[in-house]
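Q:
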Amino acid sequence: MSSGYDRVVQPAAGDEALENHLGGDEAKNYRQYEFDMVAPHVGRSMLEIGSGLGHFAEQFLPRLDRLVVSDFDPYCVEQLEKRFAGRDEIDVLQFGLPTDIPLEDKVDTVVLMNVLEHIEDDAEALRSLARVTLPGGRIIIWVPGYPQLYGDFDRKVGHVQRYTPKTLGATVARAGLDVEVLKPINFLGGIAWWAAVRRGGVGYPDPRLVKIYDRTVVPLTRLIERFFRPPFGQTVFCVARVPQS
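Numbering (the working numbering), first residue to last: 1 to 245.
Now the structure itself:
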């Protein structure tokens, strides 16, 4: 198996990574949306793939007994080691998927935020993760949705594909995992993305537009999705289970 991502045009994390442009102070509501979607499915021990600078994983520390952060990018790994230095309950790993992950003690939860879409052999990547996840444990997957939204931004950050619930579900099944949750989310964000990136030709998110989007579209999307399951969205969200046997 490969020791790194089969295809990486640009790392999925780091200070200058386009894919993390929706992070930090410019999109607090969106980051809270991500956390609130993922958190109910996280157990007591967590491995995050593509941790970047560690902002997302750090939010889970109050509820975890053990955290493993990881990245493919040497710069990110260096920053993670600095960020979590002296924390015995936190391990930092460097690897790319698919590979044999250097993790001796299995975790009950694996989280991938905008990672799987970078990997050609996505099913084998999930198999790699299943081998370090406890039976019955969860692999939480957050990926960009729908090929119709694929644009210049996707090419710049090295997206191999965008998923639908059907295609992501097929990948999860090929990996030998069971689906617990599988749905499109961020319906209004999908429409805004299509207008800005596909129709408007925007190559990357404008910080000014990100702030407007975060303050208006994200809260409205969250309200709508409390009562209505959207037919499509900017993102496909999946919680997969590792079989007990």
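Just so it is clear, CB atoms sit at the ideal spot from N, CA and C, and this is done for glycine as well.
In chain order, what are the residue ranges of uninterrupted alpha helix (DSSP H) at least 4 long that sit wholly in the stretch 109 to 149?
A: For the stretch 109 to 149, whole alpha helix (DSSP H) runs of length 4 or above, ordered along the chain, are 122 to 130.
Q: In three-state terms, what does DSSP make of Val242?
A: In the structure shown, Val242 sits in coil (DSSP, three-state: anything other than H, G, I, E or B).
Q: Once DSSP output is grouped into helix, strand and coil, what is the label at Ile101?
A: Of the three classes helix, strand and coil, the one that applies to Ile101 here is coil, per DSSP.
Q: Determine the contact status of Glu117 and Gln161, defining contact as a CB-CB distance below 8 angstroms.
A: Going by C-beta atoms, Glu117 is nearer than 8 angstroms to Gln161.
Q: Starting from the Cα of Phe232, find the closest Cα among Gly86, Ser51, Pro144 and Val92 and give me that residue.
A: Measuring from the Cα of Phe232, the nearest candidate turns out to be Pro144.
Q: For a quick check, are the C-beta atoms of Val111 and Glu48 less than 8 angstroms apart?
A: Closer than 8 angstroms, so yes.
Q: Quick one: any contact between the stretch 234 to 243 and the stretch 156 to 176, if contact means 3 or more CB pairs under 8 angstroms?
A: They touch, by the three-pair rule.
Q: Between the C-alpha atoms of Glu104 and Leu126, what's the straight-line distance to the nearest angstrom?
A: In a straight line, the C-alpha of Glu104 is about 18 angstroms away from that of Leu126.
Q: Would you decide whether Gly136 is buried or exposed? Buried here means 16 or more other CB atoms lie within 10 Å of its CB.
A: That one is exposed.
Q: With C-beta atoms as the reference, is Leu188 less than 8 angstroms away from Thr221?
A: Contact flag set, yes.
Q: Determine the DSSP secondary structure at Glu58, reduced to helix, strand or coil.
A: Correct three-state label for Glu58: helix.
Q: State yes or no: is the C-beta of Asp152 nearer than 7 angstroms to some heavy atom of the ligand HEM?
A: No copy of the ligand HEM occurs in the structure displayed, which carries no ligand at all.
Q: For Pro147 and chain C, any beta-carbon pair shorter than 8 angstroms?
A: Among the protein chains of the structure shown there is no chain C, as only one such chain exists.
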